[in-house]
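Below is one structure, written out as structure tokens; the observations come after it.
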Amino acid sequence: MLIGFDTLVFYTFAVITVLAGLSVITARNPVHAALFLVLAFCSAAGVWILLEAEFLAITLVLVYVGAVMVLFLFVVMMLDINIEKLREGFWRWFPFGGVLAAIMVGQMIWVLGSRQTSETGAQVLKHSASYSNTKELGRLIYVDYVYPFELAAVLLLVAIVAAIALTLRRRKSVKSQDPAKQVLVQKSDRIRIVSGVGKHGTE
Amino acid sequence: MMELLQYLENLLGSAWLPIWTLVKILVIVVPIMLTVAYLTLAERKVIGYMQVRIGPNRVGYFGLLQPLADGLKLLLKEIIIPSGSNKFLFVSAPILALTPALAAWAVVPFSDGMVLANLNAGLLYILAMTSLGVYGIIIAGWASNSKYAFLGSLRSAAQIVSYEIPMGFALVCVLMVSQSMNLGDIVLGQKSDVGLFGWYFIPLFPMFVVYFISGVAETNRSPFDMAEGESEIVAGFHVEYSGMAFALFFLAEYANMILIAILTAIMFLGGWLPPFDIAPFNLLPGIFWLLAKTSFILFLFLWFRATFPRYRYDQLMRLGWKVFIPLTLVWVVVIGAWMQTPYWLW
């Protein structure tokens, strides 16, 4: 065999990820673009599994594919997006975008091509099947770096509260029900007997 | 038997592992499909008797061939693709609905060591797979190019996404108690001298109830079958589907039901463990107990359907977001604190 099974799997997933990523920005239909992004996430998770990062890989699928992209699709499907209008200014902004892209490519080459990253990449440890990636990650987050982690969590919480506080509007016109009141309702609240009814329902 | 396997292994060489895995996958998937078929019959029979009817009784003895007749009928029907629909997505949506429902079975342990993939992050894998099922529904609704299908798909997708959260938190409680995400270890963690009192449904009783009810909502079953709501939106996301494409959605729904039932049995009701570790009970093989517990929970699904009226949509959302999620959040803290005290017995 010319290449190992690992390498074959890696290149399969890598090619799918890159092609799906390209399709995200070239797809004419926004819903298709969102679905290509889902495909990109799934194949990226495959690459992570190859790196023995099964916790991160499954969490990527669970959080990004299972939750974030579903909400994304919701919004995209209900919007009436006119793709022609969105593309109008493409050539006008192309030089600006091109410069940004060139800077990013340069940065990536700088990071990936440096001696440190290229050397550590060659020495990935192989662990036995009983090795628990999750426990390792848990220890790092909740023991070694517990304070920075808690700080980040509080920051996120503040951001959530702020986002909700900014968007929450109490409109007077909206009618809503109070389930507690509905449960506690009595017969006398709803029915008023106008004329007397006798023992046998006549009179 | 072992010698035969050994012989085949030597004969096939490196092709042995994929072939043997494929055989194991078939051994799991074929019974699931048969169970789905006969679950539909069981559903019609159970609901029939609950409503003082007999249910299907014409095809075969006691209607035993009814599922096969239904399957044949659906197989022979034409698949109509609506005009203006997205053909590729329209066809792939039923496949996307069924695949995760079957893929999740890879980590389900049927007995001690009897599991296709003994994953360390099994619980997480299950959560990820069940969260993928919603794509089939969303894509089906969108690709159909129909208002009813789209509304139905939005409804049921919102419902599934909402009820995933309490389900996830209920599972967080389970993994806190068992200190493992491996489903086999979770079952073994429930093993004790006191039999069924060692199972997790006792310390986690609220989570057991929340998980099961969320499971009913997650699979779009009555009384949470908002997606179908015959009285309001015809049949929901699969209104434009016919023939086998419709049957795949049906299969996915029932496969998900069985999955939820077996997961409830594994995580809260001791999986393959007998209720008491004494003579008549522990002589039976473990898989019998697992299937018995699963069948009981499946019966609850059918019982619910025959008993409860459908929830209103806002009530459904209220139950998920305002009752279950706070309850599960509180119970995570309660369990965390309880486990630090000497009164923790599990």
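Chains as they are written, first to last, in the working numbering: chain U, 966 to 1168; chain H, 5 to 350. For every residue, glycine included, the Cβ atom is placed at its ideal position computed from N, Cα and C.
TODO: State yes or no: is the beta carbon of residue 224 of chain H nearer than 8 Å to at least one beta carbon in chain U?
DONE: Against chain U, the CB of residue 224 of chain H has no partner CB under 8 Å away; the residue lies outside that interface.
TODO: Give the straight-line distance between the Cα atoms of residue 991 of chain U and residue 1000 of chain U, rounded to the nearest whole angstrom.
DONE: Computed Cα separation, rounded: 13 Å.
Task: Inter-stretch contact at 8 Å, needing at least 3 Cβ pairs: the region 190-203 of chain H / the region 236-253 of chain H - done: No, because fewer than three Cβ pairs between the region 190-203 of chain H and the region 236-253 of chain H fall closer than 8 Å, the two stretches do not touch.
Open item on the list: I'd like to know whether the C-beta of residue 1126 of chain U is nearer than 8 Å to at least one C-beta of chain H.
Closed with: Closer than 8 Å to the CB of residue 1126 of chain U there is not a single CB belonging to chain H.
Open item on the list: By the DSSP assignment, the alpha helix (DSSP H) with residue 991 of chain U in it spans what residues?
Closed with: 970-991 is the extent of the alpha helix (DSSP H) around residue 991 of chain U.
TODO: Kindly say whether residue 985 of chain U, judged by its beta-carbon, lies nearer than 8 Å to any beta-carbon of chain H.
DONE: Cβ-Cβ to chain H under 8 Å: no for residue 985 of chain U.
TODO: State yes or no: is the C-beta of residue 239 of chain H within less than 8 Å of the C-beta of residue 137 of chain H?
DONE: With respect to the 8 Å criterion, residue 239 of chain H and residue 137 of chain H are not classified as neighbours on the basis of their beta carbons.
Task: Top-ranked residue by Cα proximity to residue 56 of chain H, from H:330, H:187, H:310, H:160 - done: Of the candidates H:330, H:187, H:310, H:160, the one whose C-alpha sits nearest the C-alpha of residue 56 of chain H is H:310.
- [ ] Select from the region 1092-1123 of chain U all residues with a C-beta closer than 7 Å to any C-beta belonging to chain H, and list them in chain order.
- [x] With the criterion set as a beta carbon lying under 7 Å from some beta carbon of chain H, the members of the region 1092-1123 of chain U are 1097, 1099, in sequence order.
Open item on the list: Less than 6 Å between C-beta atoms, sequence neighbours within five positions excluded: which residues of the same chain meet that for residue 110 of chain H?
Closed with: Excluding five sequence positions before and after residue 110 of chain H, the CB atoms of its chain that fall closer than 6 Å to its own CB belong to 120, 121, given in chain order.
TODO: With DSSP as the reference, label residue 246 of chain H as helix, strand or coil.
DONE: Assignment of residue 246 of chain H by DSSP, reduced to helix, strand and coil, places it in the coil class.
- [ ] Would you mind giving the Cβ-Cβ distance between residue 86 of chain H and residue 150 of chain H, rounded to the nearest angstrom? I have them listed as a contact below 8 Å.
- [x] 6 Å between Cβ atoms; contact.
Open item on the list: Considering only DSSP beta bridges, list what residue 115 of chain H is partnered with.
Closed with: Under DSSP, residue 115 of chain H takes part in a beta bridge, and its partners are H:118.
- [ ] Determine, using beta carbons only, whether residue 1031 of chain U comes closer than 8 Å to chain H.
- [x] The beta carbon of residue 1031 of chain U falls within 8 Å of a beta carbon belonging to chain H, placing the residue at that interface.
- [ ] Starting from the C-beta of residue 988 of chain U, find all residues in its chain whose C-beta is less than 6 Å away, skip the five residues before and the five after it, and write them out in chain order.
- [x] Closer than 6 Å at the Cβ level, and outside the excluded window around residue 988 of chain U, lie 1001.
Task: the region 1011-1030 of chain U in contact with the region 131-146 of chain H per 3-pair CB rule at 8 Å - done: Output reads yes: the region 131-146 of chain H touches the region 1011-1030 of chain U.
Open item on the list: Suppose the cutoff is 6 Å on Cβ atoms and the five residues either side in sequence are ignored; what does the same chain contact list for residue 104 of chain H look like?
Closed with: 133, 136, 137.
Task: Cβ-Cβ separation, residue 1042 of chain U to residue 1003 of chain U (assumed contact under 8 Å), whole Å - done: About 13 Å separates the Cβ atoms of residue 1003 of chain U and residue 1042 of chain U, ruling out a contact at the 8 Å cut-off.
TODO: Could you name the residues of chain U that residue 109 of chain H contacts, counting a contact when the two beta carbons are closer than 9 Å?
DONE: Within chain U, no residue comes near residue 109 of chain H; the closest Cβ sits about 16 Å away, beyond 9 Å.
Task: Buried versus exposed, by CB contacts within 10 Å (16 or more), residue 970 of chain U - done: Looking at its Cβ environment, which holds fewer than 16 other Cβ atoms inside 10 Å, residue 970 of chain U is exposed.
Task: residue 1096 of chain U versus residue 182 of chain H - alpha carbon distance - done: The alpha-carbon atoms of residue 1096 of chain U and residue 182 of chain H are separated by roughly 18 Å.
Task: Check whether residue 305 of chain H and residue 214 of chain H have beta carbons under 8 Å apart - done: Not a contact, by the Cβ cut-off of 8 Å.
Open item on the list: Taking 8 Å as the threshold (beta carbon to beta carbon), is residue 1026 of chain U in contact with chain H?
Closed with: Closer than 8 Å to some Cβ of chain H, the Cβ of residue 1026 of chain U qualifies, so yes.
- [ ] Determine the direct distance from the alpha carbon of residue 190 of chain H to that of residue 199 of chain H, and round the result to whole angstroms.
- [x] Residue 199 of chain H and residue 190 of chain H have their alpha carbons spaced roughly 15 Å apart.
Task: Own chain residues within Cβ distance below 6 Å of residue 982 of chain U, not counting five before or after - done: Hits under 6 Å: 1005, 1008, 1009.
TODO: Leaving aside the five residues before and after residue 147 of chain H along the sequence, list all residues of the same chain whose C-beta is less than 7 Å from its C-beta, in chain order.
DONE: 89, 90, 93, 94, 97, listed in sequence order.
Open item on the list: To the nearest angstrom, how far is the alpha carbon of residue 1060 of chain U from that of residue 1073 of chain U?
Closed with: Taking the CA atoms as reference points, residue 1060 of chain U sits about 20 Å from residue 1073 of chain U.
Task: Candidates H:334, H:246, H:320, of which the one nearest residue 227 of chain H by Cα - done: Residue 227 of chain H has its Cα closest to that of H:320, out of H:334, H:246, H:320.
Task: CB-CB length for residue 262 of chain H against residue 36 of chain H, believed under 8 Å - done: Contact flag correct, Cβ pair sits at about 7 Å.
Open item on the list: Using the three-state DSSP reduction, which class does residue 1154 of chain U fall into: helix, strand or coil?
Closed with: Residue 1154 of chain U: helix per DSSP, three-state reduction.
Task: Three-way DSSP call (helix, strand, coil) for residue 185 of chain H in this model - done: Residue 185 of chain H: coil per DSSP, three-state reduction.
Open item on the list: Residues of chain H with CB closer than 7 Å to the CB of residue 1042 of chain U, please, in chain order.
Closed with: Neighbourhood of residue 1042 of chain U in chain H, by CB distance below 7 Å: 146, in chain order.
- [ ] Just confirm the distance between the C-beta atoms of residue 322 of chain H and residue 230 of chain H, as a whole number of angstroms; I'd bet it's less than 8 Å.
- [x] That pair is no contact at about 13 Å.
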